[in-house]
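As given, the protein sequences belong to chains A and B, one line each in that order. Residues in the first sequence are numbered from 0 upward in steps of one, following numbering that gives the first Met the number 0. Residues in the second sequence are numbered from 0 upward in steps of one, following numbering that gives the first Met the number 0. Idealized CB from N, CA, C, for every residue including glycine.
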Amino acid sequence: MLEFFARSLNASTVFTIAALGELIGQRSGILNVGIEGVMLFGATMGFIVAKTTGSYLLGCLAAIAIGGLIAALHGFFSITLGGDQVVNGMGIWILGFGLTSYIGYPYTGPLGLERLPTVFGVSPFFFLGISLVVLTWWMFSKTSLGLRIRSAGENPSVTEVSGINVTRTRYLSVVVSGMLMGLGGAIFSLSYNPVWSINFLLGWGFIALALVFFSMWNPFILTAGSILFGTLWQLSLNPQLVLPNVMSRYLWRAVPFIMTIGVLVLMSTKWFSSRFGAAKPEALGQSYEKE
Amino acid sequence: MRLGGYEVKLEKKVRVTILEASTISLFAILIGLALVGLIFLQAGVSPVKGFRAIFSYGFANPFGLPLTINRSVFILLCTCAFIVPMKAGLWNIGTAGQLYGGALGTFGVALALGARESQAPSVSPVLVIVLMMGGAILGGAVMGAIPGFLKGRFNTNEIVVTMMLNSVGFWLIAFMIKEGGPFMGGGGEGTGFKLSESVFGPMAWGQTFTIPIALALAALLYFLFAKSNLGYQIRAFGLSPSAAKYAGIDKQNVPLLVFILGGMIAGLAGYHYFAAVPGLYKIPTNYGDFGDLSFYGIICGLISQGNPLAAIPFALLFGGLTNGGRFVQGQLHLGYGIDYALLGVLMITLVAFQFFYRNSIVWEKLEREA
């Protein structure tokens, strides 16, 4: 049972770190629905580099680098070219899905490295995730940088008038957000389930995206949501722990996805949005052009 | 910006003519293919040789061409399934889940009417075929109705919902065809049961009958959007849901309707590949590949700017490219998944080229200073 909770926390770390990235980008006003694609890039590059060099650290660094690079591309399309952010995000997702399928295919199979040592039975990435969450909260609520990012996401023209460079702020947030998404992907492929196969994230990135909406853009609620979904995911893999012989294991695999839809619907109701809806960055998804 | 004796400026476009749109699309595809050429180079294959092999197998080979046509019809149906919600400003990235729903409907009907391999169906085979298609449409419609209803009623993000349903559909099929599931075939290698020969999709002039159906559907959709009141309502909703409200258009029903329509068409795509394309007639182990292939519908829908007739040549092109790509990766010892790489690269070049739909580059000759 203890092992089950440890696995759940490991799964939740993937959600936490990737969704934290999305949250930072969204706070600056940039919606990246291509989070799954960025994660696939991070996961695949991290896996390839770690497998060929034998180093987890290099794998993670490669994932962070490619995540930042791909997100910068999204930034270029969305900030500089000013296109529809949903279209651009879809492009990033399909690029990630298509290209990593081709690039990663020769590396199909297990990573073959010794597992990382655990701390109190949990992957060290979990503690990294918690530290990043606290750091992000601190940055947003206590520093001027956090205020700049938030104001760029709320009202870019007013922000610009008050002497803040919106474009630069948004680029910074988007690149950092991509680095975290890439790292989240690498944690999946290096620690949570170190086996590569085509499109192996199977929608985790989209769940992370839903988690950001669920979190009301608050890093702590985000962490709680991630732990909930990590546990659910683990439960769907081991249904016999709670409900032995109730349903086929294949049907259990569908449960977290159905739960995501349920949570998303709950959040979309009037009841919910009238209470907590104000947290949404006002200018989310809108491109900004300097007058 | 000054360049030589010219002033180069960006100007916002108000509307794009058909000629401009097709030029932009063509350029996007050419640049995308050139980028894939780089992948060939990296793999040590001359791009000219690579593309020649792809095109000659995809479009000029007696074995390759029928496969291309079957793929193209599938892509065309997925494109139409994407386009209908797109006209209402909504994203249907759930064509995979909807075609899985269609497959479940198709084979559910076949099983109920005893149309398994080496059995005779309990009613006339023609009736079974019609009912199987009905099952496919219904299965797809149910999968489509979910995001449509949730969008209309609660304004729930349709991208996340459709993506989640792709995974739900994927596991539903796994449940049905594997480990003793109701649709499991003989041999126990995790495929669905094979259809009775009498209910194979009928052939017309050596080709499956779903080809004319798909083409007629594309034409029908074109007229729906160009001429009909319903098409107008959908487009008005897509341009501005709040303004559409004042034109008396129901805010809840439009999303539901477009997603049901999209789902029905995607369900038909599932019927086409699993019950009408020669050589298959069952849900194979690698059914997920067909879900992946359906994402070409997104590219095709975007590149044809939501015009179902313009989508036909693009669907044919992508059908040939993916089919030829699959073939040459074996022949030229390329890595697996060149068709996936093509999907990704084409999509991102297309997204980059969206810029030119919105802006035009204007060159103005500078007056010589005296």
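Cut-off 7 Å between Cβ atoms - residues of its own chain near residue i, not counting five sequence neighbours on either side
{"i": "Trp232/A", "result": "Ala10 and Pro255"}
{"i": "Leu283/A", "result": "Gln25, Gly28, Leu30 and Gly152"}
{"i": "Gly4/B", "result": "Lys364 and Leu365"}
{"i": "Trp362/B", "result": "Tyr5 and Val7"}
{"i": "Ala246/B", "result": "Ala235"}
{"i": "Arg325/B", "result": "Asp338"}
{"i": "Arg152/B", "result": "Gln251"}
{"i": "Thr107/A", "result": "Trp195 and Ser196"}
{"i": "Val72/B", "result": "Thr209, Ile210, Ala213 and His271"}
{"i": "Gly189/B", "result": "Ile176, Lys177 and Thr284"}
{"i": "Gly287/B", "result": "Phe169"}
{"i": "Leu301/B", "result": "Leu349"}
Contacting residues, own chain, Cβ-Cβ under 8 Å from residue i (five flanking each side not counted)
{"i": "Leu296/A", "result": "With chain A covering only 0 through 290, there is no way to say anything about residue 296/A."}
{"i": "Ser45/B", "result": "Phe39"}
{"i": "Leu110/A", "result": "Phe46, Ala49, Lys50, Ser188, Leu189, Pro193, Val194 and Trp195"}
{"i": "Ala243/B", "result": "Gln232, Ala235, Phe236, Lys250 and Val253"}
{"i": "Leu144/A", "result": "Met138"}
{"i": "Phe14/A", "result": "Gly183, Trp203, Ile206, Ala207, Leu210, Gly224, Ser225, Phe228 and Gly229"}
Option in the options with minimal Cα separation from residue i
{"i": "Met202/B", "options": "Pro65/B, Tyr286/B and Leu37/B", "result": "Pro65/B"}
{"i": "Gly266/B", "options": "Ala242/B, Ser293/B, Lys177/B and Thr284/B", "result": "Ser293/B"}
{"i": "Gly101/B", "options": "Phe81/B, Ala140/B and Leu89/B", "result": "Ala140/B"}
{"i": "Glu116/B", "options": "Val327/B, Gly318/B and Ala274/B", "result": "Ala274/B"}
{"i": "Pro146/B", "options": "Phe258/B, Tyr280/B and Tyr295/B", "result": "Phe258/B"}
{"i": "Gly261/B", "options": "Pro211/B, Gly143/B, Phe62/B and Leu110/B", "result": "Gly143/B"}
{"i": "Val129/B", "options": "Ala119/B, Gln118/B and Leu112/B", "result": "Leu112/B"}
{"i": "Ile262/A", "options": "Ser214/A, Pro218/A and Arg248/A", "result": "Note that residue 262/A corresponds to Val in the displayed sequence, not to Ile. Nearest of Ser214/A, Pro218/A and Arg248/A to Val262/A, Cα basis: Ser214/A."}
{"i": "Val175/A", "options": "Ile16/A, Arg114/A and Leu8/A", "result": "Ile16/A"}
{"i": "Phe174/B", "options": "Gly191/B, Val159/B, Met346/B and Thr16/B", "result": "Gly191/B"}
{"i": "Phe119/A", "options": "Trp92/A, Arg6/A and Leu60/A", "result": "Arg6/A"}
{"i": "Pro124/B", "options": "Ala114/B, Gly133/B and Met132/B", "result": "Ala114/B"}
{"i": "Gly343/B", "options": "Val13/B, Leu34/B and Ala310/B", "result": "Leu34/B"}
{"i": "Gln328/B", "options": "Ala268/B, Leu25/B and Gly43/B", "result": "Gly43/B"}
{"i": "Ser267/A", "options": "Phe148/B, Asp291/B and Pro181/B", "result": "Phe148/B"}
Bridge partner(s) assigned by DSSP for residue i
{"i": "Met183/B", "result": "Gly191/B"}
{"i": "Ser359/B", "result": "Glu10/B"}
{"i": "Leu2/B", "result": "Tyr5/B"}
{"i": "Pro109/A", "result": "Val194/A"}
{"i": "Thr207/B", "result": "Met202/B"}
{"i": "Arg115/B", "result": "Leu194/B"}
{"i": "Lys364/B", "result": "Tyr5/B"}
{"i": "Val121/A", "result": "Val118/A"}
6 Å CB neighbourhood of residue i in its chain, flanking five on each side removed
{"i": "Tyr99/B", "result": "Gly168 and Ile172"}
{"i": "Ser150/A", "result": "Thr158"}
{"i": "Thr348/B", "result": "Ala27, Ile30 and Gly31"}
{"i": "Thr259/A", "result": "Ile206 and Ala209"}
{"i": "Ala369/B", "result": "Low confidence applies to Ala369/B: its pLDDT is 48, below 50, so where it sits in the model is not reliable, and the reading given next is rough at best. Here the set comprises nothing."}
{"i": "Glu178/B", "result": "none"}
{"i": "Leu15/B", "result": "Note on identity: in this sequence residue 15/B is Val, with Leu being the wrong assignment. Contacts found: Tyr356."}
{"i": "Gly66/A", "result": "Val37, Gly41, Gly177, Met178, Met180 and Gly181"}
{"i": "Ile297/B", "result": "Phe81"}
(request) Pull out every residue of the stretch 208-241 of chain A whose Cβ sits closer than 9 Å to any Cβ of chain B, in chain order. (result) Against chain B - using a Cβ distance shorter than 9 Å - the residues of the stretch 208-241 of chain A are Leu208, Ala209 and Phe212.
(request) Scan the stretch 21-79 of chain B and note each continuous alpha helix (DSSP H) run of 4 residues or more that stays entirely inside, going in chain order. (result) 46-59, all fully within the stretch 21-79 of chain B.
(request) Could you tell me which uninterrupted beta strand (DSSP E) segments, each at least 3 residues in length, are contained entirely in the stretch 203-237 of chain A, listed from first to last along the chain? (result) If only uninterrupted beta strand (DSSP E) runs of at least 3 residues are considered, none is enclosed by the stretch 203-237 of chain A.
(message) Under 7 Å, CB to CB, which of the residues in the stretch 146-158 of chain B have a partner in chain A?
(response) So the list reads Leu149, Phe153, Asn154, Thr155, Asn156 and Ile158, given in the order they occur along the chain.
(request) Return the residues of the stretch 83-98 of chain A that lie within a Cβ-Cβ distance of less than 9 Å from chain B, sorted by chain order. (result) So the list reads Asp83, Val85, Val86, Asn87, Gly88, Met89, Gly90, Ile91, Trp92, Ile93, Leu94, Gly95, Phe96, Gly97 and Leu98, given in the order they occur along the chain.
(request) Report the residues of the stretch 252-280 of chain A with a CB closer than 7 Å to any CB of chain B, ordered along the chain. (result) Residues passing the 7 Å Cβ filter: Arg252, Ala253, Phe256, Ile257, Thr259, Ile260, Leu263, Val264, Ser267 and Thr268.
(message) Ignoring anything shorter than 4 residues, give me the alpha helix (DSSP H) runs that lie fully in the stretch 243-274 of chain A, in order along the chain.
(response) If we require 4 residues or more, the alpha helix (DSSP H) runs fully inside the stretch 243-274 of chain A come out as 248-267.
(message) What are the residues in the stretch 31-64 of chain A lying within 9 Å of chain B by C-beta distance?
(response) Residues of the stretch 31-64 of chain A with a Cβ closer than 9 Å to any Cβ of chain B, in chain order: Val32, Glu35 and Gly36.
(request) Pick out the complete beta strand (DSSP E) segments inside the stretch 255-286 of chain B, 3 residues or longer, and give them in chain order. (result) As summarised for the stretch 255-286 of chain B, there are no continuous beta strand (DSSP E) elements at least 3 residues long confined to that stretch.
(message) Residues of the stretch 160-188 of chain B in Cβ contact with chain A at a cutoff of 9 Å, in chain order, please.
(response) Within the stretch 160-188 of chain B, the residues whose Cβ lies closer than 9 Å to some Cβ of chain A are Val160, Met162, Met163, Leu164, Asn165, Ser166, Val167, Gly168, Phe169, Trp170, Leu171, Ile172, Ala173, Phe174, Met175, Lys177, Glu178, Gly179 and Gly180, listed in chain order.
(request) Ignoring anything shorter than 4 residues or poking outside the stretch 36-100 of chain A, list the alpha helix (DSSP H) runs there in chain order. (result) The qualifying runs are 55-74.
(request) Would you list, in chain order, the members of the stretch 86-111 of chain B that have their beta-carbon closer than 9 Å to a beta-carbon of chain A? (result) Residues are counted here when their Cβ sits less than 9 Å from a Cβ of chain A; for the stretch 86-111 of chain B these are Trp90 and Ile92, given in chain order.
(request) Could you please tell me which residues of the stretch 95-121 of chain A, in chain order, have their CB closer than 9 Å to any CB of chain B? (result) Shown in chain order are the members of the stretch 95-121 of chain A whose Cβ falls below 9 Å from a Cβ of chain B: Gly95, Phe96, Gly97, Leu98, Thr99, Ser100, Tyr101, Ile102, Gly103, Tyr104, Pro105 and Thr107.
(request) Compile a chain-ordered list of the residues in the stretch 186-207 of chain A whose CB is closer than 8 Å to at least one CB of chain B. (result) Flagged, chain order: Ile197, Asn198, Leu201, Gly202, Phe205 and Ile206.
(message) List, from N- to C-terminal side, the beta strand (DSSP E) runs of 3 residues or more that fit wholly inside the stretch 153-179 of chain B.
(response) Note on the stretch 153-179 of chain B: there is no whole beta strand (DSSP E) run with a minimum of 3 residues.
(message) Using a Cβ-Cβ cutoff of 7 Å, what residues of the stretch 225-254 of chain B are near chain A? List them in chain order.
(response) From the stretch 225-254 of chain B, no residue has a Cβ closer than 7 Å to chain A.
(request) Can you give me, in chain order, the residues of the stretch 313-339 of chain B that have a beta carbon less than 7 Å from any beta carbon in chain A? (result) Result list: Gly334, Tyr335, Gly336, Ile337 and Tyr339.
(message) If the cut-off is 7 Å on Cβ atoms, which residues from the stretch 68-84 of chain A count as contacting chain B, listed in chain order?
(response) Along the stretch 68-84 of chain A, going in chain order, the ones with a CB nearer than 7 Å to a CB of chain B are Phe76, Leu80 and Gly82.
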